[in-house]
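In what follows, a structure is listed as structure tokens, so that the remarks can point back to it.
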Amino acid sequence: MSSQIRLIIADDHPLYRSSVERVVRLSPELSVVGLASDGREALDMVHELRPDIAVVDLNMPELDGIALLDALVQEGSETKVVILTGHLESEQVYRAVELGAAAVVSKLVEPDSLVGTLLDVASGRVVLGMEVQSLLAGEVRARRRDDRPVLTDREREVLTQIADGQSVAEIAASIHLSPSTVKSHLESLYRKLEVSDRAAAVATAMRKGLLR
């Protein structure tokens with residue numbers, strides 16, 4: 206790692222993206238090397254710039270933060286991912302940590318705390334605040350009580366639409382995501398349901414009470 210910690214920031218809201226950039230630039234140890242407005246652009250930027258850390262919004266067009274993290278993990282990328290979110294939800298937090306996010310941070314975080322988190326992540330730590338830890342504990346307890354797989358809201362949307370017989374292209378147009386992101390959600394859905402095709406996914410979901 207160079208003397209400065211190199212970061213990219215990805216968020217589809219320009220005002221918030223600029224705010225994070227200003228906060229990061231307050232620290233002489235941190236250097237912003239790229240700004241992205243969606244997940245696909247962020248993924249390309251990681252490939253090109255190889256930053257130490259990618260600070261990414263959970264909900265973005267093209268690829269959301271979870272799909273981006275998943276893609277980087279599959280590639281064996283050394284870039285650490287810090288997830289920012291305006292709404293901490295137990296399912297998404299669990300999935301992010303399960304995939305290997307270095308930190309999950311509320312967008313309401315104080316500037317000093319965000320900088321501290323980034324420095325900790327750069328040093329190799331995994332940073333999970335008290336609220337995130339509480340959500341994780343609740344999610345673990347819920348999964349122990351219920352053998353049904355826990356699906357994200359997006360996965361539920363995709364499941365409902367494949368049950369209606371819609372194609373990937375039709376689903377993408379309906380929920381305003383790229384076909385590649387829909388495929389990513391579909392692959393995650395298959396993994397959770399332990400199936401390999403649409404028909405089995407729908408049948409398993411109905412048997413487990415995930416579809417009515």
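Everything in the sequence shown is counted per the working numbering, starting at 206 for the first residue and increasing by one. Every residue gets a Cβ at the ideal spot worked out from N, C-alpha and C, and that includes glycine. Fair warning: this is a prediction, and the values are worked out from it, not measured in the lab.
When the Cα atoms are used, Ala374 and Lys397 turn out to be separated by approximately 22 Å. Beta-carbon to beta-carbon, Val400 and Leu323 are separated by about 39 Å, too far to satisfy the 8 Å threshold.
Residue range Leu235 to Ala241 is occupied by the beta strand (DSSP E) that includes Leu235. In the displayed model, Leu277 falls within a helix according to three-state DSSP. Pairing Val310 with Leu212, the inter-Cα distance amounts to about 16 Å. In the three-state scheme derived from DSSP, where H, G and I count as helix and E and B as strand, Leu394 is classed as helix. Take the alpha-carbon of Pro256 and the one of His292: they are about 26 Å apart. Here Asp369 is exposed. Its C-beta has fewer than 16 other C-beta atoms within 10 Å.
For the pair Asp249 and Ala406, the Cα-to-Cα distance works out to about 31 Å.
Comparing C-alpha distances from Leu356 to each of Val387, Leu394, Ala404 and Lys285 shows the shortest one belongs to Leu394.
Shown here for Leu263: same chain residues with a beta carbon closer than 6 Å to its own, the five before and five after excluded, namely Gly270, Ile288 and Thr290 in chain order.
The beta-carbon separation of Ala307 and Val345, rounded to 20 Å, does not stay under the 8 Å limit for a contact.
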